[in-house]
Amino acid sequence: MCGRYTNKLTWAEIVALYRLTLDGPAHNLRPRFNGCPTDPIDVVTEQDGKREYSRMRWGLVPYWWNKPLKELRMATFNARAETVTTKPVFRDAFKRLRCLITISGYYEWQDTPSGKQPWYFTVRVGSPALTIAGIWDQWKNRETGELLKSCAMIITEPNAIVGTHR
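Here this note's numbering is used: the first residue of the sequence shown is 1280, the next is one more, and so on.
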């Protein structure tokens, strides 16, 4: 399960890697070395043939959520591939709103006798980015009228390399 991420991608790298449709000025992106759930995360969406970059809250808030945000106590930052189509909090977004989540790497922790050992995973060579499948949604705060875009990573069982560090 991905619970922390890094992102060192530049605007030029994101534009080139994801072939973004540029309708505005360049973004001034700062590196993130310890992004965690509910932090903003970089997302690429596509609508009507246009690929766009945005930042969303990492932790999906479904459009139908009718309580204050602070009452959303479920862990919605990762959606398991095996259940994303059946879990009520994820299934509508999976049908309607998919995205690419752009990161440079992520951390997994291994339980050891002396405590938790973090392991950092990134691409070996070639690309500066890891691209993670995601889903997103837009929720409206009923008290303020504010719109919040949020997302979740779609995850599955770790491969043999990652699995050995759990």
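Heads up, the beta-carbon is just placed ideally off N, CA and C, and yes, glycines get one too. Since the structure is predicted, the reported quantities are computational estimates derived from the model, not experimental observations.
Exercise for the section: Please list, in chain order, all residues of the same chain as residue 1306 whose beta carbon is under 6 angstroms from its beta carbon, the five residues on each side excluded. Expected result: Listed in chain order, the non-local C-beta contacts of residue 1306 below 6 angstroms within the same chain comprise 1290, local neighbours out to five positions each way being set aside.
Exercise for the section: Could you tell me the boundaries of the alpha helix (DSSP H) in which residue 1370 lies? Expected result: Here the alpha helix (DSSP H) through residue 1370 covers 1367-1375.
Handout entry: Reference residue 1329; option with closest CA among 1416, 1395, 1380 and 1298
Key = Minimum Cα-Cα distance from residue 1329 among the listed residues 1416, 1395, 1380 and 1298 corresponds to 1298.
Exercise for the section: Taking residue 1322 as part of the beta strand (DSSP E), name the residues at either end of that continuous run. Expected result: Where residue 1322 is concerned, the enclosing beta strand (DSSP E) stretches over 1319-1326.
Exercise for the section: Could you pull out every residue in the same chain whose Cβ sits closer than 6 angstroms to the Cβ of residue 1397, ignoring the five residues on either side in sequence? Expected result: Only 1386 and 1388 meet the Cβ criterion.
Practice task
Rank 1401, 1417, 1374 and 1359 by C-alpha distance to the C-alpha of residue 1410 and give the top, closest one.
Solution key: Minimum Cα distance to residue 1410 is reached at 1401.
Exercise for the section: Could you check how far apart the C-beta atoms of residue 1322 and residue 1413 are, in whole angstroms? I think they sit under 8 angstroms. Expected result: Contact holds; Cβ gap of about 7 angstroms.
Exercise for the section: Report the three-state DSSP secondary structure of residue 1343 (helix, strand or coil). Expected result: In the structure shown, residue 1343 adopts coil according to DSSP, grouped into three states.
Problem - Three-way DSSP call (helix, strand, coil) for residue 1288 in this model - result: Residue 1288: coil per DSSP, three-state reduction.
Exercise for the section: Alpha carbon to alpha carbon, how far is residue 1382 from residue 1281? Give it in angstroms, no decimals. Expected result: In a straight line, the C-alpha of residue 1281 is about 11 angstroms away from that of residue 1382.
Practice task
For residue 1286, count neighbouring C-beta atoms within 10 Å of its own C-beta (all shown protein chains included) and say buried if the count is 16 or more, exposed if not.
Solution key: Result: buried.
Practice task
Going by CA-CA distance only, name the one from 1399, 1369 and 1333 that's closest to residue 1302.
Solution key: Distance check between residue 1302 and each of 1399, 1369 and 1333 places 1333 closest, using alpha-carbon atoms only.
Problem - C-beta atoms of residue 1418 and residue 1372 nearer than 8 angstroms - result: Note that the C-beta distance between residue 1418 and residue 1372 is not below 8 angstroms.
Exercise for the section: Could you tell me which of 1288, 1425, 1434 and 1314 sits nearest to residue 1347, measuring between CA atoms? Expected result: Out of 1288, 1425, 1434 and 1314, 1425 has the C-alpha closest to the C-alpha of residue 1347.
Practice task
Please name the residue in 1360, 1390 and 1421 whose C-alpha comes closest to that of residue 1431.
Solution key: A check of alpha carbon separations from residue 1431 across 1360, 1390 and 1421 identifies 1360 as the nearest.
Practice task
Write down every uninterrupted run of the beta strand (DSSP E) in the segment 1349-1437 whose length is 3 residues or greater and which is fully enclosed by it, in chain order.
Solution key: Within the segment 1349-1437, the complete beta strand (DSSP E) runs of at least 3 residues are 1357-1359, 1377-1382, 1384-1391, 1394-1401, 1409-1419 and 1426-1434.
Problem - Nearest candidate by alpha-carbon position, reference residue 1380, set 1421, 1391 and 1331 - result: The candidate whose alpha carbon is nearest that of residue 1380 is 1331.
Problem - Proximity below 8 angstroms, CB of residue 1336 to CB of residue 1319 - result: Yes, the pair counts as a contact, with Cβ atoms nearer than the cut-off.
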